[in-house]
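Data block below; observations after.
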Amino acid sequence: MKAKVKMKGYIEINQESCKGCQICFYFCPKSSISDSGSINSSGYFSACFSDNSECNACGICAIVCPEAAIEVYRE
Amino acid sequence: MTIKTVYKRPKLLKERLFHYCPGCGHSVIHKLLCEVIDEMNLKERIVCIPPPGCSVFAYNYLDIDMAESAHGRGAAVATGIKRVSPETIVFTYQGDGDLSAIGTAETIHAANREEKITAIFVNNAVYGMTGGQMAPTTMIGQKTTTSPYGREVNKEGYPLKMSEILSVVEGTVYIERTAVNSPKNIKKTKKAISKAFQVQIDNLGFSMVEILSPCPTNWKMSPIESWHWVDKEMVKEFPLGVIKDRIKVKKC
Ligand SMILES: Cc1ncc(C[n+]2csc(CCOP(=O)(O)OP(=O)(O)O)c2C)c(N)n1
Ligand code: SF4
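Protein sequence lines correspond, in order, to chains G and C. All the letters of the first sequence, read from the start, carry residue numbers 1 to 75 under the numbering used here. All the letters of the second sequence, read from the start, carry residue numbers 76 to 327 under the numbering used here.
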């Protein structure tokens, strides 16, 4: 999933490796990650990044993500 | 506009789904190991000894050489490899059922012989893989499948503190206890792992990082509850920090 722009940072979440543990929901200081509501092929509700977030690419979500499913970019 | 990558999936982590449960600390630790090995440029000269336990398939994920050991015998296998190939950096990856129960003897004696190896000790307070039985590290009062009413001191004794025990063994050089339950602790764990590897690179002696690691499935908690439980309960019994640091003494 590709989320984007007009902000300082954004993340990409690999929906297929996400196990819906929701650890990133809790630690994201900008509350930018939430449940996508869709189930991936392993049967987990994966996380998604909200487009209108204030993400500043702090990288916390990627540090805590147990599945290494999140990549973080700064514009 | 240029786009800068702030965090990328570690290079040494194979493109493969972890079999670990959602929120499990093992996956975070695998990630950290990949990052440290890559940053220290050790891929070509490092060997991991994974254990029986949830991390038995570690070789499916870390793109480095591995030699599986029998339950608890990690330190013995590592000793063999290190002695025939002293240039190789050898580390064991062991659970608490492995290192602090069936493998207590091997671990203490390898440390006492000052083997130049590193132990990554994943303490999740239970036997994870076999269904959440009580381990020597289980907390007092903690319910497990073999202590359904909670661990009782007068029957099952106290949580075993391997880091403290090993700290009084002469051959150990660096021992630190960390956790993987918050961004700050995860960063500290990464630093501790690289320090422990550096002790081995400098040929100083035995090093160990004990990592408190959440096991949401067997603790019967949601992932985030289990990450909090490490702070709320485990840290009281297993305080974080450097338990022993003889690096300076050994260097001079
Ligand atoms: C000699 C021997 N005894 C028992 C077992 C069964 N066994 C496999 S894994 C395991 C427990 C592992 O627990 P721990 O080391 O805490 O690792 P975790 O699964 O929690 O990561 C046991 C008892 C075995 N494989 N070999
Ligand atoms: S049982 Fe516990 S230690 Fe094993 S994979 Fe699941 S959460 Fe991790």
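Yeah, the Cβ is synthetic: ideal placement off N, Cα and C, and Gly gets one too. Note that the structure is predicted; figures quoted are calculated from it, not measured.
Close to S130/C, with beta-carbon spacing below 9 Å, lies no residue of chain G; the smallest spacing is near 13 Å. Counting only residues of its own chain and dropping the five nearest sequence neighbours on each side, E312/C has a CB closer than 7 Å to the CB of M214, P234. For the beta strand (DSSP E) assignment, the uninterrupted runs of no fewer than 3 residues enclosed by the region 148 to 175 of chain C are, from N- to C-terminal side, 164 to 170. Contact annotation for S42/G against chain C: L92 [CB-CB distance below 8 Å, chain order].
Bounds of the beta strand (DSSP E) holding C123/C are 121 to 124. Burial of M309/C is indicated by the presence of at least 16 other C-beta atoms within 10 angstroms of its C-beta. Selection K8/G, E67/G, I13/G evaluated against I33/G yields I13/G as nearest (Cα-Cα).
Around the beta-carbon of R148/C, 16 or more other beta-carbon atoms lie within 10 Å, marking it buried. Taking the Cβ atoms as the reference, V72/G lies roughly 19 Å from G20/G, outside the contact range of under 8 Å. Among the CB atoms of chain G, one or more fall inside 8 Å of the CB of K79/C.
The beta carbon of I139/C sits closer than 7 Å to the beta carbons of L87, I112, K118, I121, C123 from its chain, once the five residues preceding and following it are set aside; these are given in chain order.
Taking a Cβ-Cβ cut-off of 7 Å, the neighbours of V103/C in chain G comprise P66, given in sequence order. In the three-state reduction of the DSSP assignment, Y202/C falls in the strand class. When distances are taken from the beta-carbon of H303/C to the heavy atoms of ligand 2, even the shortest one reaches 7 Å or more.
If you ignore the 5 residues before and after G128/C, its C-beta comes within less than 6 Å of the C-beta of G170, D173, M204, all in its own chain and listed in chain order. Spatial neighbours of A142/C in its own chain (CB-CB distance under 7 Å, excluding positions within 5 residues in sequence) are listed in chain order as V122, I124, V152, I156. The beta carbon of C24/G sits no closer than 8 Å to any beta carbon of chain C. Here DSSP, grouped into helix, strand and coil, assigns V111/C to helix. Just so you know, the alpha carbons of F45/G and K191/C end up roughly 45 Å apart.
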